[in-house]
Amino acid sequence: MRVDELLKQIRQWHPESAAVVDAFEPLVRVQTALQEEWAARPIRALPPYTPDSLPVDPAEAVSVAERVADALEQGFGGGDFAAAARALSRRPTPVRTLCRAVLAGDDAPLTHFAERHGLTNQDALRMVLLQTARALAAKASLRVRRTNAPDKNSGQDGRCPCCHSPADMSMLVDKEGKRLLHCSLCGHVWRYARTACPYCGVDKADNIEMVYAEGRPEERAERCRSCDAYLLAVDTRSRDIPAHLAYYVTLGMGHLDVLLQEDGAHPGV
Numbered sequence: 032m033r034v035d036e037l038l039k040q041i042r043q044w045h046p047e048s049a050a051v052v053d054a055f056e057p058l059v060r061v062q063t064a065l066q067e068e069w070a071a072r073p074i075r076a077l078p079p080y081t082p083d084s085l086p087v088d089p090a091e092a093v094s095v096a097e098r099v100a101d102a103l104e105q106g107f108g109g110g111d112f113a114a115a116a117r118a119l120s121r122r123p124t125p126v127r128t129l130c131r132a133v134l135a136g137d138d139a140p141l142t143h144f145a146e147r148h149g150l151t152n153q154d155a156l157r158m159v160l161l162q163t164a165r166a167l168a169a170k171a172s173l174r175v176r177r178t179n180a181p182d183k184n185s186g187q188d189g190r191c192p193c194c195h196s197p198a199d200m201s202m203l204v205d206k207e208g209k210r211l212l213h214c215s216l217c218g219h220v221w222r223y224a225r226t227a228c229p230y231c232g233v234d235k236a237d238n239i240e241m242v243y244a245e246g247r248p249e250e251r252a253e254r255c256r257s258c259d260a261y262l263l264a265v266d267t268r269s270r271d272i273p274a275h276l277a278y279y280v281t282l283g284m285g286h287l288d289v290l291l292q293e294d295g296a297h298p299g300v
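Remember, my numbering sits 31 above the position in the sequence shown when you count from 1.
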């Protein structure tokens, strides 16, 4: 299944979320195009890394930011995303520092940059930087996967084996119903115990509560009874969704976020 086919399917499954899918579609297309481009190139070795050591080549980051900003303008409009990309392209660019700052939740460098360049919408700047950092992290984790032997124990702390970021969704794959987690930063997927919470680590048979979407058994939230964190989950098997695209199904699952948060649960990330 290609990404355009999946987005079409999501609109059919969730007509109430069609506007959300429409807005994010240009960004989704840029994300998948970048991953395909990088997968076709020779890759240099890279060990596992952390968000504060994300490899950021300034020239490449500016190029990615321009593509990301163009996609966000197509989806959301307003001109602020394009303005942010233009400011980032001015030399010398602090894009490496800003990408790492946005991943650390440090707004001070963003505020200083926005004031210096007359950017009135700091949220647009943050969005461009976050999506640029995610794209660069996807490339970095591709390098990690290609050049490092897999460790069967890596990722069992609930953190991504490539970049050590937390998971933002879960999925079931294969006939065996293996559970995979999806990294909130780089998009890597890895196997994880079906009965364990990736946030607090509690692993027992009755710990994970499944909260299903009405009429959609393939979509649910997995809520930890110990820490009350949850993550959205998709059973890919009945819909034949590739694991690397399953995350995009969550574009139509906002109703589960509302349901869980109204009941006192909180997203794990």
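Glycine is no exception: its CB is placed at the ideal position from the N, C-alpha and C atoms.
When secondary structure is reduced to three states using DSSP, Tyr230 falls in the coil class, being assigned neither helix nor strand. The beta carbon of Cys191 lies closer than 6 Å to those of Cys214, His219 in the same chain, with the five residues before and after it left out. About 7 Å separates the beta carbon of Tyr261 from that of Gly299, a gap short enough to meet the 8 Å contact definition. Gly109 and Thr226 have their C-alpha atoms roughly 44 Å apart. At the C-beta level, Arg117 and Val133 stay beyond 9 Å of one another. Every unbroken stretch of the alpha helix (DSSP H) spanning 4 or more residues and falling wholly within the segment 73-153 is given here in chain order: 89-107, 111-120, 126-135, 139-147. Between Asp111 and Ala155 the beta-carbon gap is near 4 Å, inside 8 Å, which marks them as a contact.
Non-local beta-carbon contacts of Thr281 in its own chain, meaning distances under 7 Å to residues more than five positions away in sequence, involve Met200, Leu263 in chain order. Below 8 Å, too few C-beta pairs join the segment 96-104 and the segment 144-152 to call them touching: fewer than three.
DSSP, reduced to helix, strand and coil, places Lys209 within a strand of the structure shown. In the DSSP assignment, Glu249 falls within the beta strand (DSSP E) that extends over 247-255. For Glu207, the closest C-alpha among the options Leu216, Cys193, Arg222 is that of Arg222. Of the candidates Lys235, Gly283, Ile239, Gly283 places its Cα closest to the Cα of Glu249.
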